[in-house]
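A.B. asks: Residue numbers (our numbering): 3 to 100.
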Amino acid sequence: MLESLEQALKWFQGDDSQVTVHRYKIEVPDVARLRRKLKLTQADFALKIGVPIATLRNWEQGRRYPTGPARVLLNVLARRPELVMEAIDAAQTVEAAE
Numbered sequence: 003m004l005e006s007l008e009q010a011l012k013w014f015q016g017d018d019s020q021v022t023v024h025r026y027k028i029e030v031p032d033v034a035r036l037r038r039k040l041k042l043t044q045a046d047f048a049l050k051i052g053v054p055i056a057t058l059r060n061w062e063q064g065r066r067y068p069t070g071p072a073r074v075l076l077n078v079l080a081r082r083p084e085l086v087m088e089a090i091d092a093a094q095t096v097e098a099a100e
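#1: Kindly indicate which three-state DSSP category Gly52 falls into: helix, strand or coil?
#2: Using the beta-carbon count (16 or more within 10 Å), is Ile51 buried or exposed?
#3: Helix, strand or coil, according to DSSP, for Lys39 in the structure here?
#4: What are the start and end residues of the alpha helix (DSSP H) that includes Glu8?
#5: Are Glu5 and Asn77 close, meaning C-beta to C-beta below 8 Å?
#6: Among the residues of its own chain, which have a CB less than 7 Å from the CB of Arg73, if the five just before and after it don't count?
#7: In the DSSP assignment, find the unbroken alpha helix (DSSP H) run with Gly70 in it and report its ends.
#8: Under 8 Å by Cβ, that's how I've got Glu62 and Val21 pegged, so tell me the actual separation to the nearest angstrom.
#9: Compute the Euclidean distance between the alpha carbons of Tyr67 and Lys39, then round it to the nearest angstrom.
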């Protein structure tokens, strides 16, 4: 474990000779197509995924692209929409009850 910490410190200081860095590219799904597939309005979809409607419109019109957790969520939503929507609906139900 000490060796791993030493390697991490060297990497942080700019020495990446002993470190393997894995980078993953997560695709950006067609947000408008995904929303239409789910039969949701822009307002409803934005509310469900927790972003401002202006952000959703920018994604759909190609002015901006989802990043970080939003990109991951949209990818999972594109692959397993029923699972994600069930989880979102359950979370929103709990939130409304509080």
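Backbone N, C-alpha and C fix where the C-beta goes; we use that ideal spot for every residue, glycine too.
C.D. replies: According to the structure shown:
#1: Collapsing the DSSP output to three states places Gly52 in coil.
#2: buried
#3: DSSP, reduced to helix, strand and coil, places Lys39 within a helical segment of the structure shown.
#4: Residues 4-14.
#5: It is not a contact, given that the beta carbons lie outside the stated cut-off.
#6: Non-local C-beta neighbours of Arg73 in its own chain, meaning closer than 7 Å and more than five positions away in sequence, comprise Ile28, Val30, ordered along the chain.
#7: 70-81
#8: Actually they are not in contact, since the Cβ atoms of Glu62 and Val21 sit about 39 Å apart, beyond 8 Å.
#9: About 19 Å.
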